[in-house]
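Undergrad: Quick one: the structure is below, questions incoming.
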Amino acid sequence: MKLSSKLLALAALGAQVQAQGPASPAQQPSAPVLNFLFSVNVTIGLSLKVGNGIMNTTRAVFPISGGQAVEPRISAKVLEVGADWAFYGTLLNGVNLLTLDGANILVEAKGQTATPTSDPKSTGAVHVQATFDTVSKAYS
Ligand SMILES: *[C@@H]1O[C@H](CO)[C@@H](O)[C@H](O)[C@H]1NC(C)=O
Ligand SMILES: *[C@@H]1O[C@H](CO)[C@@H](O)[C@H](O)[C@H]1NC(C)=O
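In terms of the numbering used here, the sequence shown opens at residue 5 and continues consecutively.
Quick look at the structure:
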């Protein structure tokens with residue numbers, strides 16, 4: 005039985021650095037810019053408990069069995085080959101995207117989950133650093 009979840013609407017940001025030659029003393033490098041790439045919903049399966057971690061919390065792995073990523077830069081199907089390792093305060097996940105125009109993109113994300121807090125203003129934000137790996141020229 006699969007547990008369907010809208011899960012995280014992962015807002016992936018990619019850093020784009022302009023290629024430049026060696027900077028002359030008078031030249032300042034330009035600051036990198038962030039581009040919003042896509043939002044994604046994934047379907048997760050039942051968790052696999054993998055022991056207790058710090059503060060006696062359960063360490064668990066959730067299989068990712070599909071989903072979709074939607075614009076502006078990437079629109080894709082999430083393939084059934086991912087997983088999310090959720091340990092107290094941290095996460096690590098990997099999914100494979102198949103874009104609507106046929107490119108395969110491996111997305112690996114790791115980061116911090118929000119720490120439990122009684123602050124009503126807490127956003128519960130999850131901060132991740134994602135890397136994208138593809139051989140598609142259209143997306144490199
Ligand atoms: C994710 O699910 C939410 C709630 O159903 C929906 O509003 C949103 O458009 C979905 N986003 C994607 C990328 O599928
Ligand atoms: C840790 O949690 C387990 C249940 O998940 C419980 O049986 C055990 O007593 C807990 N240990 C401590 C030190 O709280």
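We treat Cβ as the ideally placed atom computed from N, Cα and C, and that holds for glycine. Small disclaimer: the values here were computed from a predicted structure and weren't measured.
1. Please list, in chain order, all residues of the same chain as L110 whose beta carbon is under 6 Å from its beta carbon, the five residues on each side excluded.
2. Answer yes or no: do A87 and G71 have a C-beta to C-beta separation smaller than 8 Å?
3. Would you report the Cα separation of S79 and V37, rounded to the nearest angstrom?
4. Would you say the beta carbon of A73 is closer than 7 Å to some non-hydrogen atom of ligand 1?
5. Can you look up A107 in the DSSP assignment and give me helix, strand or coil?
6. Apart from the five residues just before and just after M59, which ones in its own chain have a Cβ nearer than 7 Å to its Cβ?
TA: According to the structure shown:
1. N100, D137
2. no
3. 21 Å
4. yes
5. Here A107 sits in coil by DSSP.
6. Y92
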